[in-house]
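K.L.:
In full-length UniProt numbering, the protein residues as written are 9 to 230. From the three backbone atoms N, C-alpha and C, an ideal C-beta is built for every residue, glycine too.
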Ligand code: DHB
Ligand code: MG
């Protein structure tokens with residue numbers, strides 16, 4: 009009963025605040041045809057990213073982990089025509105899907121996919137910093153490392169968002185640290201709480217309340 013109500017409320021929220029258009033639906037279809045897993049963010053998370061982009065007056069956005077470009081489309085659409093999204097993708101095959109997604113959504117003028125390990129791509133972004141918004145949705149054991157770079161590439165007022173930071177509660181305690189992915193996510197949450205330059209919260213944002221986003225704002229230097 010509770011689950012059914014939650015499901016209906018979620019549907020109402022999506023219909024009112026985060027309706028998907030043809031380009032977003034096409035991206036999901038293309039991802040499935042290319043054999044990519046259907047683990048993209050949901051429409052409400054996409055809309056929240058757009059609200060956060062507006063809150064920090066985003067002109068430059070960095071995404072770590074592109075998947076098929078679904079979140080990238082939401083992000084790119086939050087930018088002004090002169091804005092720029094750089095999304096880092098380790099898989100060349102996925103990156104081709106991303107490029108086509110950006111083209112069919114009409115955002116290829118402002119959204120660029122860079123192929124390679126983020127561990128190698130991030131140090132090359134120093135000259136293009138600061139980024140106003142960073143969205144992390146990639147390999148989970150590397151999240152703490154990606155957070156260090158996100159902070160380094162940001163400015164006071166930048167917003168750093170990371171997907172999958174709840175994991176049915178496992179990423180919120182020390183109970184499942186033998187899993188490297190969960191351990192990375194737990195460490196990420198702790199780092200956002202302990203860091204003197206961050207103010208952070210995690211929000212469950214799926215309909216069964218099991219996973220969601222960590223949202224951290226970069227504070228001015230004391
Ligand atoms: C997985 C990764 C994700 O980013 C996600 O949102 C869901 C699942 C995974 O690796 O299983
Ligand atoms: Mg994810």
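Nearest-angstrom Cα distance between residue 110 and residue 36?
P.N.:
Approximately 12 Å, taken between the alpha carbons.
K.L.:
So which residues touch the region around ligand 1, with touch meaning a C-beta under 6 Å from any heavy atom?
P.N.:
Here the residues come out as 47, 145, 171, 172.
K.L.:
Kindly indicate which three-state DSSP category residue 135 falls into: helix, strand or coil?
P.N.:
Three-state DSSP puts residue 135 in a helix.
K.L.:
Ends of the alpha helix (DSSP H) at residue 81?
P.N.:
Note, residue 81: alpha helix (DSSP H), 78-85.
K.L.:
Below 6 Å CB to CB, which residues in the same chain sit around residue 154 once its five sequence neighbours on both sides are set aside?
P.N.:
Excluding sequence neighbours, residue 154 sits near 72, 144.
K.L.:
Reducing DSSP to helix, strand and coil, say where residue 177 ends up.
P.N.:
Residue 177: helix per DSSP, three-state reduction.
K.L.:
Secondary structure at residue 171, three-state DSSP: helix, strand or coil?
P.N.:
Looking at residue 171 - three-state DSSP - the assignment turns out to be strand.
K.L.:
Taking the alpha helix (DSSP H) that residue 68 falls in, what are its first and last residues?
P.N.:
Premise fails: residue 68 lies in the beta strand (DSSP E), 68-72, not in any alpha helix (DSSP H).
K.L.:
Give the secondary structure of residue 19 by DSSP, where H, G and I count as helix, E and B as strand, and everything else as coil.
P.N.:
If DSSP states are grouped into helix, strand and coil, residue 19 belongs with the helices.
K.L.:
How many Å lie between residue 151 and residue 141 at the Cα?
P.N.:
Those two C-alpha atoms are separated by around 16 Å.
K.L.:
Which residue from 176, 205, 229 puts its Cα closest to that of residue 221?
P.N.:
That would be 176, whose Cα lies nearest to the Cα of residue 221.
K.L.:
In whole angstroms, what separates the C-alpha of residue 40 from that of residue 171?
P.N.:
Straight-line Cα distance between these residues: approximately 20 Å.
K.L.:
List the endpoints of the continuous beta strand (DSSP E) containing residue 113.
P.N.:
Per DSSP, residue 113 belongs to no beta strand (DSSP E) and is neither H nor E.
K.L.:
How would you call residue 97, buried or exposed, if buried means at least 16 neighbouring beta carbons within 10 angstroms?
P.N.:
Answer is buried; the Cβ neighbour count reaches 16.
K.L.:
Three or more C-beta pairs closer than 8 Å, one from the stretch 87-97 and one from the stretch 57-69: is that the case here?
P.N.:
They touch, by the three-pair rule.
K.L.:
To which residues of the same chain is residue 28 closer than 6 Å at the C-beta, ignoring the five residues directly before and after it?
P.N.:
Once the five neighbours on either side are set aside, the close Cβ partners of residue 28 are 51.
K.L.:
Hey, residue 138 and residue 123 are a contact pair by Cβ (cut 8 Å); roughly how many whole angstroms apart?
P.N.:
Not confirmed; about 23 Å, so no contact.
K.L.:
Of the residues 44, 180, 25, which one's Cα is nearest the Cα of residue 192?
P.N.:
Residue 192 has its Cα closest to that of 180, out of 44, 180, 25.
K.L.:
Can you say whether residue 86 is buried or exposed, counting buried as having 16 or more other CB atoms within 10 angstroms of its CB?
P.N.:
Buried: at least 16 other Cβ atoms inside 10 Å.
K.L.:
What separation, rounded to the nearest whole angstrom, lies between the Cα atoms of residue 194 and residue 23?
P.N.:
Distance between the alpha carbons of residue 194 and residue 23: 33 Å.
K.L.:
Taking the alpha carbon of residue 218 as the point to measure from, which residue in 174, 202, 205, 230 has its own alpha carbon closest?
P.N.:
Measuring from the Cα of residue 218, the nearest candidate turns out to be 174.
K.L.:
Starting from the Cα of residue 34, find the closest Cα among 14, 106, 53 and give me that residue.
P.N.:
Of the candidates 14, 106, 53, the one whose C-alpha sits nearest the C-alpha of residue 34 is 106.
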